[in-house]
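Counting from 1, position 72 in the sequence shown corresponds to residue 53 in our numbering; the numbering is continuous, with no gaps.
Where a beta carbon is used, it is the ideal one built from N, C-alpha and C, also for glycine.
First comes the structure, then the notes that go with it.
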Amino acid sequence: MKFTKMHGCGNDYVYINCFEESFPTDATVREKLVQQLSDRHFGIGGDGVILICPSEVADARMVMYNADGSSSAMCGNGIRCVAKFVHDHGIARKETLTIETAAGIKTIRVVEKKEGWAVRLQVDMGEPILDPAAIPAHISHGVEEKIALEDRTLKITAVSMGNPHGILFVDEPTDEWVLKIGPRLERHPIFPQRANIEFVQVLSPQEVVMRVWERGTGETLACGTGASAVCVAGVLTGKTERNVLIHLPGGDLDLVWDAESGHVLMTGPATEVFHGEIALSALLS
């Protein structure tokens, strides 16, 4: 099976071009394969696997799996890479592309090219979901709501960008927060489908630092839906403006929560690292 390794701000995935390749449909086999492909020691290595598939309603369809084999509806960094692949490899050589996801059809615009290759893209992430029942989250209002975690009380803001997020504003997003508190909050009872957890330090109303513990993967260098959720949470809590620069361990993302449309616009890089082939029989034996 041929594959392409790509990343957006270090949020890296193994991409399979299902216009040409097939991927196992059996759930057990698929889960094992995703886990092995994502393994950074015994596989290719990545935060998961993303399939680039034909679509009847868009230029392509994105199917995403976390590193543990579980599925996810949307990935902001991943969809930029999907759009780059679709553009650069001639599947749909257009400046504005549509990608079908489990969270709906997203529009991606190529905003910068280098020698004909798309290097920077803007994704219309759509409107945030703030209704706790739809996130889903077992909370009352979702804005800096107090929740209990063992011996401490935390303030968490819940937002969905097609997948659930819990945002905490902290003095500094340390390892104590991300690596110890993050996995506990991912599986906290308030999140029936688990959640991505973002820890955010506000530098100014226009600039923040963010680290993320991703559902089904662990800490990643970037999370596009998480950055979008942080942009929304910053406005809801009065900590940031609608335009915000977000510094992540893997790079920077520019976010805008447009007041007129209500949509979140995310702009950032997409990078193709290398191509290869892997013997499925060796992985699945």
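Simplified DSSP state of residue 61, which is helix, strand or coil
Stepping through the sequence shown from its first residue, residue 61 is reached at position 80. In this structure, residue 61 counts as helix in the three-state DSSP scheme.
How about residue 19: is its Cβ closer than 8 Å to a heavy atom in the ligand MN?
As for the ligand MN, it is missing from this structure, which has no ligand bound.
Quick one: what does DSSP say residue 68 is sitting in, helix, strand or coil?
One-based indexing of the sequence shown puts residue 68 at position 87. Residue 68: helix per DSSP, three-state reduction.
Using the C-alpha atoms, what's the distance from residue 14 back to residue 22?
As a first step, residue 22 is located in the sequence shown; it is residue number 41 there, counting from the start. As a first step, residue 14 is located in the sequence shown; it is residue number 33 there, counting from the start. Whole-angstrom Cα-Cα distance: 14 Å.
Output yes or no for whether 9 Å exceeds the beta carbon distance between residue 178 and residue 148.
Along the sequence shown, one-based indexing puts residue 178 at 197. Along the sequence shown, one-based indexing puts residue 148 at 167. For residue 178 and residue 148, yes; Cβs fall inside 9 Å.
Do you know how far the Cα of residue 260 is from the Cα of residue 3?
Here the question's residue 3 lines up with position 22 in the sequence shown. Here the question's residue 260 lines up with position 279 in the sequence shown. Straight-line spacing of the CA atoms in residue 3 and residue 260 works out to 13 Å.
Given a cut-off of 9 Å on the beta-carbon distance, is the pair residue 130 and residue 165 in contact?
Taking the sequence shown and counting its residues from 1, one reaches residue 130 at position 149. Taking the sequence shown and counting its residues from 1, one reaches residue 165 at position 184. Going by C-beta atoms, residue 130 is nearer than 9 Å to residue 165.
Helix, strand or coil for residue 81 per DSSP?
Residue 81 sits at position 100 when you count from the first residue of the sequence shown. Looking at residue 81 - three-state DSSP - the assignment turns out to be strand.
So for residue 269, helix, strand or coil by DSSP?
Shown here, the chain extends from -18 to 266; a query on residue 269 therefore has no answer.
Report the CB separation of residue 81 from residue 39 in whole angstroms; it is logged as a contact under 8 Å.
Working through the sequence shown from its first residue, we reach residue 81 at position 100. Working through the sequence shown from its first residue, we reach residue 39 at position 58. Their Cβ separation, rounded to whole angstroms, is 4 Å, which keeps residue 81 and residue 39 in contact under 8 Å.
Would you check if there are 3 or more beta carbon pairs closer than 8 Å linking the stretch 27 to 35 to the stretch 118 to 129?
no
Look at the alpha carbon of residue 79 and the alpha carbon of residue 99, and state the distance between them as a whole number of angstroms.
Sequence index remark: in the sequence shown, residue 79 carries index 98 (1-based). Sequence index remark: in the sequence shown, residue 99 carries index 118 (1-based). Looking at the two C-alpha atoms, the distance is approximately 15 Å.
Segment contact flag, the stretch 248 to 255 with the stretch -14 to -1, C-beta cutoff 8 Å, min 3 pairs:
yes
Boundaries of the alpha helix (DSSP H) in which residue 207 is found, first to last residue:
Taking the first residue of the sequence shown as 1, we reach residue 207 at position 226. Per DSSP, residue 207 belongs to the alpha helix (DSSP H) from 205 to 218.
Within a Cβ cutoff of 7 Å, which residues of the same chain sit near residue 91, ignoring the five residues on either side of it in sequence?
Locating residue 91 in the sequence shown gives position 110, counting from the first residue. Contacts found: 68, 76, 99, 102.
How should residue 71 be labelled, buried or exposed, when 16 other C-beta atoms within 10 angstroms of its C-beta is the threshold for buried?
The residue you call residue 71 lines up with position 90 of the sequence shown. Exposed, since its Cβ has fewer than 16 Cβ neighbours within 10 Å.
Give the DSSP-derived three-state secondary structure of residue 156 in the structure shown.
Taking the sequence shown and counting its residues from 1, one reaches residue 156 at position 175. Residue 156: helix per DSSP, three-state reduction.
Selection from 125, 187, 206 that minimises the alpha carbon distance to residue 146
Residue numbering aside, residue 146 sits at position 165 when the sequence shown is read from its first letter. Answer by Cα proximity: 206.
Helix, strand or coil for residue 167, going by three-state DSSP, please let me know.
The count along the sequence shown starts at 1 and reaches residue 167 at position 186. Residue 167 falls in the helix class under three-state DSSP.
For residue 169, count neighbouring Cβ atoms within 10 angstroms of its own Cβ and tell me buried if that reaches 16, exposed if not.
Looking up residue 169 in the sequence shown gives position 188. Buried is the call here.
Determine the burial state of residue 1: buried for a count of at least 16 other Cβ atoms within 10 Å of its Cβ, exposed for fewer.
Mapped onto the sequence shown, residue 1 falls at position 20. Classification of residue 1: exposed, given that the 10 Å Cβ count is below 16.
Between the stretch 45 to 53 and the stretch 189 to 199, do three or more beta carbon pairs fall short of 8 Å?
yes
In terms of residue numbering, what span does the beta strand (DSSP E) encompassing residue -17 cover?
Here residue -17 refers to the residue found at position 2 when the sequence shown is read from its first residue. Residues -17 to -11.
Are residue 212 and residue 229 closer than 9 Å when you measure CB to CB?
Numbered from its first residue, the sequence shown carries residue 212 at position 231. Numbered from its first residue, the sequence shown carries residue 229 at position 248. Cβ atoms of residue 212 and residue 229: not closer than 9 Å.
When you compare only the Cα positions, how much space is there between residue 108 and residue 264?
Counting from 1 along the sequence shown, the entry for residue 108 is found at position 127. Counting from 1 along the sequence shown, the entry for residue 264 is found at position 283. So the two alpha carbons sit approximately 40 Å from each other.
Buried or exposed (CB count within 10 angstroms, at least 16 for buried), residue 10:
Walking along the sequence shown from the start, residue 10 turns up at place 29. Under this definition residue 10 is an exposed residue.
Can you tell me where the alpha helix (DSSP H) with residue 99 in it begins and where it stops?
Here residue 99 refers to the residue found at position 118 of the sequence shown. Unbroken run through residue 99 is the beta strand (DSSP E), 98 to 105; no alpha helix (DSSP H).
Specify the secondary structure class of residue 278 as computed by DSSP and reduced to three states.
A query on residue 278 cannot be resolved here, the shown segment of the chain reaching from -18 to 266 and no further.
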